[in-house]
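See structure below.
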Amino acid sequence: MGAPLLPWLLLLLLLMSHPAHAAILEVNGNLSCRCAKTTSEYISPKKYESIEIRPVGSSCRRTEIIIKLRTSGKVCVNPEAPWVKKLLKRIASTKKK
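Read in order, the letters of the sequence shown are residues -22 to -1, 1 to 75 in mature numbering (1 follows the signal peptide of the UniProt record, and there is no 0).
Put into structure tokens, the structure is as follows:
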């Protein structure tokens, strides 16, 4: 086995050892960031199982909204999308009551 092949094999081994949801995890040094990509596409509340709101912190420099779907998947949504802003306002108003 040639030396140039070794780094690729190590990378393949590393990728195979991650859990299935590792696709949304970021690898750019923001170790606590979980969303590498976000979507602005509307998701019906009927499909939500739960919503995780991760505020800006010292280890991740952006707000992350992660919606866990009833189908077991997780989707990172863009916090700047108009429908997400409305959703966050609704959540904030129900917490105040």
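Glycine included, C-beta positions come from ideal geometry on N, C-alpha and C. Nothing here was measured: the structure is a model prediction, and the numbers come from that model.
Take the alpha-carbon of Ser37 and the one of Ala14: they are about 14 Å apart. For Ile21, there is no enclosing alpha helix (DSSP H), as DSSP marks it with neither H nor E. Counting along the chain, no beta strand (DSSP E) covers Val62; the unbroken alpha helix (DSSP H) around it starts and ends at 60 to 74. Within 10 angstroms of the beta-carbon of Leu65 lie 16 or more other beta-carbons, which makes it buried.
Assignment of beta-bridge partners to Cys54 by DSSP yields Ile44. About 5 Å separates the beta carbon of Thr41 from that of Pro57, a gap short enough to meet the 8 Å contact definition. Restricting attention to Ile31, Val53, Leu47, Pro(-19), the CA atom closest to the CA of Lys67 is found in Ile31. Residues of the same chain with a CB within less than 6 Å of the CB of Ser18, apart from the 5 flanking positions on each side, are Asn56, Ala59 in chain order.
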